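Data block below; observations after.
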Amino acid sequence: ADLETLKKEAALRAVDLVQSGMRVGLGTGSTAKYAIEELGRRVQAGELTGIVGVATSEASDTLARQVGLRVEVLDPRALDIAIDGADEVAPNLDLIKGLGGALLREKLTEVQARRLIIIADHTKVVNRLGEKAPLPVEIAAFGFLSTIERLRAQLPGGRLRQPGAQPFLTDNGNYIYDAQLPGAIDPPTLERQLKGTLGVVDTGFFLGMAERAFVASPDGVSELTR
Ligand code: DER
Numbered sequence: 002a003d004l005e006t007l008k009k010e011a012a013l014r015a016v017d018l019v020q021s022g023m024r025v026g027l028g029t030g031s032t033a034k035y036a037i038e039e040l041g042r043r044v045q046a047g048e049l050t051g052i053v054g055v056a057t058s059e060a061s062d063t064l065a066r067q068v069g070l071r072v073e074v075l076d077p078r079a080l081d082i083a084i085d086g087a088d089e090v091a092p093n094l095d096l097i098k099g100l101g102g103a104l105l106r107e108k109l110t111e112v113q114a115r116r117l118i119i120i121a122d123h124t125k126v127v128n129r130l131g132e133k134a135p136l137p138v139e140i141a142a143f144g145f146l147s148t149i150e151r152l153r154a155q156l157p158g159g160r161l162r163q164p165g166a167q168p169f170l171t172d173n174g175n176y177i178y179d180a181q182l183p184g185a186i187d188p189p190t191l192e193r194q195l196k197g198t199l200g201v202v203d204t205g206f207f208l209g210m211a212e213r214a215f216v217a218s219p220d221g222v223s224e225l226t227r
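Written out as structure tokens, the structure is:
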């Protein structure tokens, strides 16, 4: 099966965990898109009722409404479940996310979910975070060049996403610095170091958050738990 088919298969497995009446965190990206579409289909078919979605990006908010889902803004109430993609999935289910630029709203939403379910194709599975993907770091637009210098001092080799006259802007009006991770890093230590750097809003490390991951490969969908 091609990659898109695999991603959809993983998405269907996650949507099977959604029950009527749930408040659902709606992830962002090309894999989460399949979950949002499937949720909409099941609500339209009457298979699920009383579903309230909380979107992790403007794009997912728009898509959710297009497929007929009720969407509400994030408030302090817990979410029953959240479904999202990832750029890297480590054996302990620590993640790197943010290649779609949605990491801040994703993290703000998904920390409130009782269950964070990750959906991915096999190309996202790594032995160690940093193997395949950069670490996206959301930084304040104001003074961003200074913040990039602060980050370069810690993680040389990174770059502003979409450099030029109009760098990539997140839904929150911030920029993204894609950091190259050196070999052996300790994610919790690096996360604390980056979060303590002036101008950094948040990072694409999602550590200790995911409960399980549905990973689709040509051999089928495997279910990873922490
Ligand atoms: O930006 C994000 O965090 C997305 O979840 C992204 O990392 C996964 O997107 P994909 O499913 O399109 O690979």
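Each residue of the sequence shown is one higher than the last, beginning at 2 in UniProt numbering. The beta carbon of each residue, even a glycine, is placed where N, CA and C say it ideally should be. Keep in mind that this is a model prediction, so the values were computed, not measured.
Between the alpha carbons of residue 120 and residue 13 lies a distance of about 9 Å.
In the same chain as residue 73, and ignoring 5 residues on each side of it, the C-beta atoms closer than 7 Å to its own belong to 53, 55, in chain order. The criterion of a C-beta distance shorter than 7 Å is not satisfied by residue 36 and residue 65. Straight through space, the alpha carbons of residue 139 and residue 106 are spaced by roughly 11 Å. Closest in alpha carbon position to residue 221, among 45, 111, 123, is 123. For residue 119, the enclosing beta strand (DSSP E) has its first and last residue at 117 to 122. Between residue 181 and residue 135, the gap from beta carbon to beta carbon is short of 7 Å. Placement of the Cβ of residue 158 at a distance of 6 Å or more from every heavy atom of the ligand DER is found. Bounds of the beta strand (DSSP E) holding residue 55 are 53 to 56. For residue 29, the distance from the CB to the nearest heavy atom of the ligand DER is below 6 Å. With distances taken between CA atoms, residue 215 lies nearest to 85 out of 162, 196, 85. In this chain, the alpha helix (DSSP H) harbouring residue 188 covers 188 to 196. Shown here, residue 184 sits in coil according to DSSP, grouped into three states, outside any helix or strand.
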